[in-house]
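S.K.: Got a structure for you, questions after.
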Ligand SMILES: NC(=O)c1ccc[n+]([C@@H]2O[C@H](COP(=O)([O-])OP(=O)(O)OC[C@H]3O[C@@H](n4cnc5c(N)ncnc54)[C@H](O)[C@@H]3O)[C@@H](O)[C@H]2O)c1
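In this note's numbering, the protein residues as written are 2 to 433.
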């Protein structure tokens, strides 16, 4: 392993990243920016062509950030796994979704590890970054890699390092978010730490892969449970006719012991709605019932239905039924400032409204088309007074690019699930 440490110090190590999505692409670029030769491997031909053409497909990454290292020969993308023969390090950043039954789906990790196994060679470092349950690196990845005849901690290094990237966050990125890392052995942690130290400001070593895996799940469970709590407070406030947003704004003036979380139409994205269930599944395997996770999940999943109830009531007050009403959704991405609709609560709200006979349209500056869950819609241009022609506008994602004053002026009725119209007292506005 000393050889690899020396190569990492001299930036002579050849780095590889498997999975060039929201996590893998920024990581690969950060390695390249810091002097390494990086090879990205992905099964998606469109991503490989985009990289070769210097074109970004991620909001936080500009075209030039890809084009420059590609032109300089520092970054290449391929779907050919045999390049692993030539690589010194490999970070696995593939998806970890849930099955319909809410069980972990490790298919992508297993497929990537099966490929690495074919080309694994002595002195190599393998790091899993995909979010997963505690034990995956030791129980799934290690035995598979050791089928090659090489031993982790002896012939090659193996570690887990959770990815904490927050797409759309202008302040924190791959470089300045501290990186937790835990290896199968102390030597594995040491060499993994060396790789990250070259590109990340702070590296936080922990004692094992299981601790590193659990760190990520604690972080995301913390968010899911707190969002579940504040969503329940919002439901309570609604029945008490108290403005939940005003309550949170006042509560957060307390300088200690309180952290503001906000209610909304439900959870979205690939982390918060999914990761806690990786933990509860693993806990169940050990006879433990993760009650907070299940409860928060149930409350958060009930929010789209509550939003539809609010829309129904608001239309009802105007003597209109949802059936036949023209409902325009403002923002469908799972959160503001991102072009990602995966797991977005907007899709569930759309489904529920369509089932009730609403005529749907949407606009989102980040999502030009929705081709999901049987919907085929295109984002509507809000110019030309379009909002004056609908019965109700529902703000589901508070993108900053939207002119909310104009929305309030032109829409007859607005249901605001994000407090995008903070401070607005207009009669046509209904808040969550
Ligand atoms: N997106 C986030 O904000 C975020 C944040 C922290 C952690 N994570 C975690 O990071 C992991 C990756 O998430 P993501 O959002 O980058 O996913 P993504 O879907 O954006 O990217 C994953 C990429 O992996 C590729 N891929 C799938 N199987 C492959 C295989 N066998 N070989 C090569 N490439 C393969 C896909 O084509 C895709 O390009 C997940 O475990 C996720 O939970 C995501």
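Glycine is no exception: its CB is placed at the ideal position from the N, C-alpha and C atoms.
Output yes or no for whether 7 Å exceeds the beta carbon distance between residue 89 and residue 14.
M.R.: Within the chain shown, the letter at position 88 stands for residue 89. Within the chain shown, the letter at position 13 stands for residue 14. Yes.
S.K.: When the Cα of residue 219 is compared with those of 265, 47, 258, 134, which residue comes out closest?
M.R.: Here residue 219 is taken as the residue at index 218 of the chain shown, counted from 1. Ranking the options by Cα distance to residue 219, first place goes to 134.
S.K.: Over the uninterrupted beta strand (DSSP E) stretch that includes residue 363, give me the two end residues.
M.R.: For the purposes of this step, residue 363 is taken as residue 362 along the chain shown, with counting starting at 1. From DSSP, the beta strand (DSSP E) with residue 363 extends over 360-364.
S.K.: For ligand 1, any of its heavy atoms closer than 6 Å to the Cβ of residue 21?
M.R.: To locate residue 21, count along the chain shown from 1; it is residue 20. Yes.
S.K.: State yes or no: is the C-beta of residue 225 nearer than 6 Å to some heavy atom of ligand 1?
M.R.: By 1-based counting over the chain shown, the position of residue 225 is 224. Not so, every heavy atom of ligand 1 lies at least 6 Å from the Cβ.
S.K.: On the three-state DSSP scale, how would you describe residue 383?
M.R.: In the chain shown, counting from the first residue as 1, residue 383 sits at position 382. Coil, per DSSP.
S.K.: On the DSSP bridge assignment, give the partners of residue 161 in chain order.
M.R.: For this step, residue 161 is matched to residue 160 along the chain shown. Bridge partners of residue 161: 129, 183.
S.K.: Can you tell me the Cα-Cα spacing of residue 67 and residue 54, whole angstroms?
M.R.: Translated into positions along the chain shown, residue 67 becomes position 66. Translated into positions along the chain shown, residue 54 becomes position 53. Residue 67 and residue 54: Cα-Cα distance of roughly 9 Å.
S.K.: Using a Cβ-Cβ cut-off of 8 Å (strictly less than) and excluding sequence neighbours within five positions of residue 366, which residues of its own chain qualify?
M.R.: Sequence index remark: in the chain shown, residue 366 carries index 365 (1-based). Counting only Cβ-Cβ distances below 8 Å, and skipping sequence neighbours, we find 380, 400, 402, 403.
S.K.: What residue does the beta strand (DSSP E) around residue 432 start on, and which one ends it?
M.R.: Mapped onto the chain shown, residue 432 falls at position 431. Bounds of the beta strand (DSSP E) holding residue 432 are 430-432.
S.K.: Let me make sure I understand the geometry here. Which of 335, 361, 110, 222 has the alpha-carbon closest to that of residue 298?
M.R.: Residue mapping note: residue 298 aligns to position 297 of the chain shown, counting from 1. The candidate whose alpha carbon is nearest that of residue 298 is 222.
S.K.: Is residue 208 near ligand 1, in the sense that its beta carbon is under 6 Å from a heavy atom of that ligand?
M.R.: Within the chain shown, the letter at position 207 stands for residue 208. Flag unset: Cβ of residue 208 not near ligand 1.
S.K.: Tell me which residue opens and which closes the alpha helix (DSSP H) that residue 95 is part of.
M.R.: Working through the chain shown from its first residue, we reach residue 95 at position 94. Note, residue 95: premise wrong, no alpha helix (DSSP H); not H, not E.
S.K.: Do residue 210 and residue 132 have their C-beta atoms closer together than 7 Å?
M.R.: One-based indexing of the chain shown puts residue 210 at position 209. One-based indexing of the chain shown puts residue 132 at position 131. No, Cβ-Cβ distance for residue 210 and residue 132 is not below 7 Å.
S.K.: Pairing CB atoms from the region 167-180 with CB atoms from the region 139-148, are three or more of them under 8 Å?
M.R.: no
S.K.: Starting from residue 223, follow the alpha helix (DSSP H) in both directions and report where the run begins and ends.
M.R.: Translated into the one-based positions of the chain shown, residue 223 becomes position 222. Residue 223 -> alpha helix (DSSP H) spans 210-241.
S.K.: Rounding to the nearest angstrom, what Cα-Cα distance links residue 82 and residue 352 in this structure?
M.R.: The residue you call residue 82 lines up with position 81 of the chain shown. The residue you call residue 352 lines up with position 351 of the chain shown. Cα-Cα distance, rounded: 40 Å.
S.K.: Quick one: which unbroken beta strand (DSSP E) runs of 3-plus residues sit fully inside the region 58-113? Chain order, please.
M.R.: 76-79, 90-93
S.K.: When every heavy atom of ligand 1 is checked, does at least one fall within less than 6 Å of the C-beta of residue 109?
M.R.: In the chain shown, the residue the question calls residue 109 occupies position 108. Flag set: Cβ of residue 109 near ligand 1.
S.K.: Taking C-beta to C-beta, are residue 185 and residue 130 nearer than 7 Å?
M.R.: Taking the chain shown and counting its residues from 1, the one referred to as residue 185 is at position 184. Taking the chain shown and counting its residues from 1, the one referred to as residue 130 is at position 129. No; because the gap between Cβ atoms is not below 7 Å, this pair is not in contact.
S.K.: Please name the residue in 317, 156, 176, 155 whose C-alpha comes closest to that of residue 164.
M.R.: Against the chain shown, residue 164 aligns to sequence position 163. A check of alpha carbon separations from residue 164 across 317, 156, 176, 155 identifies 176 as the nearest.
S.K.: By Cβ distance below 7 Å, which residues in the same chain neighbour residue 208 in space, the five residues on each side in sequence not counted?
M.R.: Position 207 of the chain shown, counted from the first residue, corresponds to residue 208. Within the same chain, residue 208 has close Cβ partners 183.
S.K.: Does the distance from the CB of residue 436 to the CB of residue 60 come in under 7 Å?
M.R.: The requested residue 436 does not occur in the structure, where the chain is confined to residues 2 to 433.
S.K.: Rounding to the nearest angstrom, what Cα-Cα distance links residue 44 and residue 287 in this structure?
M.R.: Counted from its first residue, the chain shown places residue 44 at position 43. Counted from its first residue, the chain shown places residue 287 at position 286. If I take the Cα positions, the gap works out to 35 Å.
S.K.: Taking three-plus beta-carbon pairs below 8 Å as touching, is the region 68-81 in contact with the region 243-258?
M.R.: no
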